[in-house]
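Peer 1: Numbering (the working numbering), first residue to last: -19 to 230. One structure, as C-alpha coordinates, below. Some questions next.
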(Lines of atoms letter the chains of each structure in order from A and count residues from 1; the text may use other names and numbers.)
(Lines give C-alpha, C1' and ligand atoms only; values in the text may rest on other atoms or scores of the structure.)
Protein backbone atom coordinates (compact mmCIF):
# COMPACT_ATOMS: atom_id res chain seq x y z
CA UNK A 1 0.00 0.00 0.00
CA UNK A 2 2.84 2.35 0.87
CA UNK A 3 4.58 1.60 -2.45
CA UNK A 4 1.34 2.29 -4.33
CA UNK A 5 1.03 5.62 -2.51
CA UNK A 6 4.59 6.60 -3.40
CA UNK A 7 4.06 5.60 -7.04
CA UNK A 8 0.89 7.68 -7.19
CA UNK A 9 2.75 10.69 -5.79
CA UNK A 10 5.53 10.28 -8.39
CA UNK A 11 2.97 10.01 -11.20
CA UNK A 12 1.27 13.18 -10.02
CA UNK A 13 4.59 15.01 -9.83
CA UNK A 14 5.48 14.05 -13.41
CA UNK A 15 2.03 15.01 -14.67
CA UNK A 16 2.39 18.35 -12.88
CA UNK A 17 5.80 18.86 -14.52
CA UNK A 18 4.39 18.23 -18.00
CA UNK A 19 1.44 20.51 -17.28
CA UNK A 20 3.85 23.23 -16.13
CA UNK A 21 5.80 22.87 -19.37
CA UNK A 22 2.57 23.04 -21.36
CA UNK A 23 1.33 26.15 -19.56
CA UNK A 24 4.68 27.90 -19.96
CA UNK A 25 4.58 27.24 -23.69
CA UNK A 26 3.40 30.26 -25.69
CA UNK A 27 1.75 27.95 -28.22
CA UNK A 28 -1.20 26.17 -26.62
CA UNK A 29 -3.76 26.60 -29.42
CA UNK A 30 -4.03 24.89 -32.79
CA UNK A 31 -0.87 25.07 -34.85
CA UNK A 32 -0.31 25.13 -38.59
CA UNK A 33 2.77 24.88 -40.80
CA UNK A 34 3.51 25.78 -44.40
CA UNK A 35 6.84 24.81 -45.96
CA UNK A 36 7.59 27.41 -48.64
CA UNK A 37 8.30 25.66 -51.93
CA UNK A 38 8.11 28.82 -54.03
CA UNK A 39 7.56 32.53 -53.52
CA UNK A 40 7.11 35.88 -55.24
CA UNK A 41 8.20 38.99 -53.34
CA UNK A 42 6.83 42.45 -54.07
CA UNK A 43 8.82 45.25 -52.45
CA UNK A 44 6.51 47.94 -53.79
CA UNK A 45 3.43 46.45 -52.09
CA UNK A 46 5.36 45.12 -49.07
CA UNK A 47 4.15 41.56 -49.58
CA UNK A 48 5.45 38.06 -50.22
CA UNK A 49 3.37 35.33 -51.84
CA UNK A 50 4.22 31.85 -50.58
CA UNK A 51 3.32 28.56 -52.27
CA UNK A 52 3.26 25.18 -50.57
CA UNK A 53 1.32 22.51 -48.71
CA UNK A 54 -0.54 23.66 -45.61
CA UNK A 55 -0.64 21.39 -42.55
CA UNK A 56 -3.38 22.43 -40.14
CA UNK A 57 -5.70 25.40 -40.46
CA UNK A 58 -4.88 29.05 -41.26
CA UNK A 59 -7.04 32.07 -41.99
CA UNK A 60 -6.70 35.61 -43.28
CA UNK A 61 -5.66 37.96 -40.48
CA UNK A 62 -3.67 35.37 -38.53
CA UNK A 63 -0.57 36.69 -36.76
CA UNK A 64 2.23 34.40 -37.96
CA UNK A 65 5.99 33.94 -38.13
CA UNK A 66 8.19 33.19 -41.11
CA UNK A 67 11.15 31.07 -40.02
CA UNK A 68 13.60 31.76 -42.81
CA UNK A 69 16.22 29.23 -43.88
CA UNK A 70 18.93 31.68 -42.80
CA UNK A 71 17.84 31.44 -39.16
CA UNK A 72 16.02 34.79 -39.04
CA UNK A 73 12.41 34.98 -37.85
CA UNK A 74 9.94 37.47 -39.35
CA UNK A 75 6.76 38.31 -37.39
CA UNK A 76 4.03 39.06 -39.92
CA UNK A 77 0.36 38.67 -40.83
CA UNK A 78 -1.59 36.70 -43.45
CA UNK A 79 -3.35 39.12 -45.80
CA UNK A 80 -4.72 36.66 -48.38
CA UNK A 81 -5.14 32.95 -49.03
CA UNK A 82 -5.83 31.21 -52.32
CA UNK A 83 -6.56 27.52 -52.81
CA UNK A 84 -6.80 25.32 -55.88
CA UNK A 85 -10.38 24.83 -57.08
CA UNK A 86 -11.34 23.47 -60.47
CA UNK A 87 -7.83 23.83 -61.77
CA UNK A 88 -7.40 27.47 -60.72
CA UNK A 89 -6.50 29.24 -57.49
CA UNK A 90 -9.37 31.16 -55.93
CA UNK A 91 -9.35 33.47 -52.88
CA UNK A 92 -10.72 32.06 -49.61
CA UNK A 93 -10.81 33.30 -46.03
CA UNK A 94 -9.37 30.16 -44.44
CA UNK A 95 -7.83 26.88 -45.48
CA UNK A 96 -6.94 23.55 -43.92
CA UNK A 97 -4.43 20.88 -44.96
CA UNK A 98 -4.25 21.56 -48.70
CA UNK A 99 -2.08 23.18 -51.35
CA UNK A 100 -2.33 26.95 -50.96
CA UNK A 101 -0.92 30.31 -51.93
CA UNK A 102 -0.58 32.60 -48.89
CA UNK A 103 0.24 36.31 -49.00
CA UNK A 104 2.02 37.85 -46.00
CA UNK A 105 3.18 41.35 -45.10
CA UNK A 106 6.90 42.11 -45.38
CA UNK A 107 8.48 45.45 -44.46
CA UNK A 108 11.45 45.29 -46.82
CA UNK A 109 12.95 48.58 -45.68
CA UNK A 110 12.84 47.67 -42.00
CA UNK A 111 14.11 44.10 -42.44
CA UNK A 112 16.63 44.81 -45.17
CA UNK A 113 15.21 41.93 -47.22
CA UNK A 114 14.88 42.22 -50.99
CA UNK A 115 12.58 40.75 -53.62
CA UNK A 116 15.27 38.12 -54.21
CA UNK A 117 15.51 36.92 -50.59
CA UNK A 118 12.29 38.04 -48.89
CA UNK A 119 10.98 34.50 -48.47
CA UNK A 120 13.69 31.91 -49.24
CA UNK A 121 12.71 28.46 -50.41
CA UNK A 122 12.05 25.98 -47.58
CA UNK A 123 11.35 28.70 -45.05
CA UNK A 124 8.51 27.73 -42.71
CA UNK A 125 5.39 29.84 -42.10
CA UNK A 126 3.58 29.03 -38.86
CA UNK A 127 1.63 30.53 -35.98
CA UNK A 128 4.07 28.99 -33.48
CA UNK A 129 5.83 31.77 -31.60
CA UNK A 130 9.60 31.75 -31.08
CA UNK A 131 10.58 30.65 -27.55
CA UNK A 132 11.27 33.56 -25.20
CA UNK A 133 13.05 33.20 -21.86
CA UNK A 134 11.25 34.26 -18.69
CA UNK A 135 12.76 36.37 -15.89
CA UNK A 136 14.51 33.25 -14.58
CA UNK A 137 16.15 32.56 -17.93
CA UNK A 138 13.93 29.58 -18.71
CA UNK A 139 12.58 29.26 -22.23
CA UNK A 140 10.00 26.75 -23.49
CA UNK A 141 11.42 24.16 -25.86
CA UNK A 142 10.09 24.77 -29.35
CA UNK A 143 11.53 23.84 -32.76
CA UNK A 144 8.91 25.24 -35.15
CA UNK A 145 11.04 25.33 -38.29
CA UNK A 146 12.30 21.78 -37.75
CA UNK A 147 8.82 20.52 -36.97
CA UNK A 148 7.42 22.14 -40.11
CA UNK A 149 10.19 20.76 -42.32
CA UNK A 150 9.75 17.29 -40.84
CA UNK A 151 6.21 17.21 -42.27
CA UNK A 152 7.68 17.31 -45.80
CA UNK A 153 10.78 15.21 -45.12
CA UNK A 154 9.47 12.02 -46.72
CA UNK A 155 8.62 13.85 -49.95
CA UNK A 156 11.58 16.24 -50.18
CA UNK A 157 14.44 14.37 -48.49
CA UNK A 158 16.19 13.81 -51.84
CA UNK A 159 16.33 17.57 -52.43
CA UNK A 160 19.77 18.85 -51.35
CA UNK A 161 18.52 22.34 -50.44
CA UNK A 162 15.72 20.89 -48.33
CA UNK A 163 18.09 18.49 -46.59
CA UNK A 164 20.49 21.34 -45.86
CA UNK A 165 17.69 23.39 -44.26
CA UNK A 166 16.45 20.37 -42.30
CA UNK A 167 19.89 19.44 -40.95
CA UNK A 168 20.69 23.05 -40.07
CA UNK A 169 17.59 23.25 -37.88
CA UNK A 170 18.29 19.82 -36.39
CA UNK A 171 21.87 20.72 -35.43
CA UNK A 172 20.76 24.01 -33.86
CA UNK A 173 17.80 22.45 -32.06
CA UNK A 174 17.09 22.11 -28.35
CA UNK A 175 15.07 19.03 -27.45
CA UNK A 176 13.11 17.32 -24.71
CA UNK A 177 14.62 13.95 -23.84
CA UNK A 178 13.25 11.36 -21.37
CA UNK A 179 15.99 9.95 -19.14
CA UNK A 180 16.68 8.03 -15.95
CA UNK A 181 19.13 9.10 -13.27
CA UNK A 182 21.96 6.59 -12.92
CA UNK A 183 23.41 5.42 -9.61
CA UNK A 184 26.84 6.37 -11.00
CA UNK A 185 28.28 9.83 -10.50
CA UNK A 186 30.46 11.80 -12.82
CA UNK A 187 33.69 13.76 -12.11
CA UNK A 188 31.56 16.74 -11.06
CA UNK A 189 29.80 14.66 -8.40
CA UNK A 190 26.47 14.77 -10.20
CA UNK A 191 24.60 11.60 -11.08
CA UNK A 192 24.90 10.51 -14.67
CA UNK A 193 21.91 10.42 -17.00
CA UNK A 194 20.72 7.29 -18.73
CA UNK A 195 18.76 8.18 -21.85
CA UNK A 196 15.72 6.00 -22.46
CA UNK A 197 16.15 4.18 -25.74
CA UNK A 198 13.12 3.18 -27.81
CA UNK A 199 12.89 0.00 -29.87
CA UNK A 200 12.14 0.08 -33.59
CA UNK A 201 8.96 -1.98 -34.01
CA UNK A 202 9.99 -3.09 -37.50
CA UNK A 203 13.59 -3.85 -36.55
CA UNK A 204 13.83 -5.01 -32.95
CA UNK A 205 17.62 -5.02 -33.05
CA UNK A 206 17.63 -1.27 -33.65
CA UNK A 207 17.43 1.32 -30.92
CA UNK A 208 16.06 4.82 -31.37
CA UNK A 209 17.25 7.88 -29.47
CA UNK A 210 14.09 9.80 -28.45
CA UNK A 211 14.19 13.51 -29.28
CA UNK A 212 11.00 15.51 -28.80
CA UNK A 213 10.71 18.89 -30.48
CA UNK A 214 8.27 20.24 -27.88
CA UNK A 215 6.04 19.21 -24.99
CA UNK A 216 3.15 18.44 -27.34
CA UNK A 217 5.06 15.74 -29.17
CA UNK A 218 6.20 14.30 -25.83
CA UNK A 219 2.58 14.13 -24.64
CA UNK A 220 1.72 11.92 -27.63
CA UNK A 221 3.97 9.20 -26.18
CA UNK A 222 1.87 8.58 -23.09
CA UNK A 223 3.03 4.98 -22.76
CA UNK A 224 6.60 6.21 -22.38
CA UNK A 225 5.62 7.94 -19.14
CA UNK A 226 3.70 4.94 -17.80
CA UNK A 227 6.65 2.58 -17.51
CA UNK A 228 7.48 0.98 -14.17
CA UNK A 229 10.58 3.13 -13.83
CA UNK A 230 9.25 6.56 -14.71
CA UNK A 231 11.59 8.84 -16.69
CA UNK A 232 12.63 12.37 -15.86
CA UNK A 233 12.56 15.09 -18.50
CA UNK A 234 15.78 16.81 -19.53
CA UNK A 235 16.59 19.43 -22.16
CA UNK A 236 19.52 18.74 -24.47
CA UNK A 237 20.99 20.56 -27.43
CA UNK A 238 21.89 18.48 -30.45
CA UNK A 239 25.68 18.47 -29.80
CA UNK A 240 24.94 17.07 -26.33
CA UNK A 241 22.81 14.37 -27.92
CA UNK A 242 25.68 13.45 -30.25
CA UNK A 243 27.99 13.31 -27.24
CA UNK A 244 25.73 10.77 -25.54
CA UNK A 245 25.57 8.61 -28.65
CA UNK A 246 29.30 8.73 -29.39
CA UNK A 247 30.31 7.95 -25.81
CA UNK A 248 27.64 5.27 -25.43
CA UNK A 249 26.24 6.85 -22.27
CA UNK A 250 22.83 5.33 -22.75
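From the three backbone atoms N, C-alpha and C, an ideal C-beta is built for every residue, glycine too. No experiment lies behind these values; they were computed from the predicted model shown.
Which of the three DSSP states, helix, strand or coil, is assigned to residue 196?
Peer 2: helix
Peer 1: Could you pull out every unbroken alpha helix (DSSP H) segment of at least 4 residues lying fully inside the segment 96 to 181, listed in chain order?
Peer 2: Listed in chain order, they are 124 to 130, 133 to 136, 140 to 151.
Peer 1: Can you look up residue 214 in the DSSP assignment and give me helix, strand or coil?
Peer 2: strand
Peer 1: Assess contact between the segment 19 to 35 and the segment 93 to 101, defined as three or more Cβ pairs (one per stretch) separated by less than 8 angstroms. Is contact present?
Peer 2: yes
Peer 1: Would you decide whether residue 186 is buried or exposed? Buried here means 16 or more other CB atoms lie within 10 Å of its CB.
Peer 2: exposed
Peer 1: Do the segment 164 to 180 and the segment 60 to 73 touch if we need at least three Cβ pairs shorter than 8 angstroms?
Peer 2: Flag = no, the segment 164 to 180 and the segment 60 to 73 do not touch.
Peer 1: For residue 103, count neighbouring C-beta atoms within 10 Å of its own C-beta (all shown protein chains included) and say buried if the count is 16 or more, exposed if not.
Peer 2: Label assigned to residue 103: buried.
Peer 1: So, do the segment 22 to 41 and the segment 77 to 93 have three or more beta carbon pairs nearer to each other than 8 angstroms?
Peer 2: They touch, by the three-pair rule.
Peer 1: Which residues share a DSSP beta bridge with residue 65?
Peer 2: 68
Peer 1: Could you pull out every residue in the same chain whose Cβ sits closer than 7 angstroms to the Cβ of residue 141, ignoring the five residues on either side in sequence?
Peer 2: 101, 102
Peer 1: Is residue 84 near the ligand SAM, going by C-beta to nearest heavy atom under 7 angstroms?
Peer 2: In the structure on display, the ligand SAM does not appear, and there are no ligands present to speak of.
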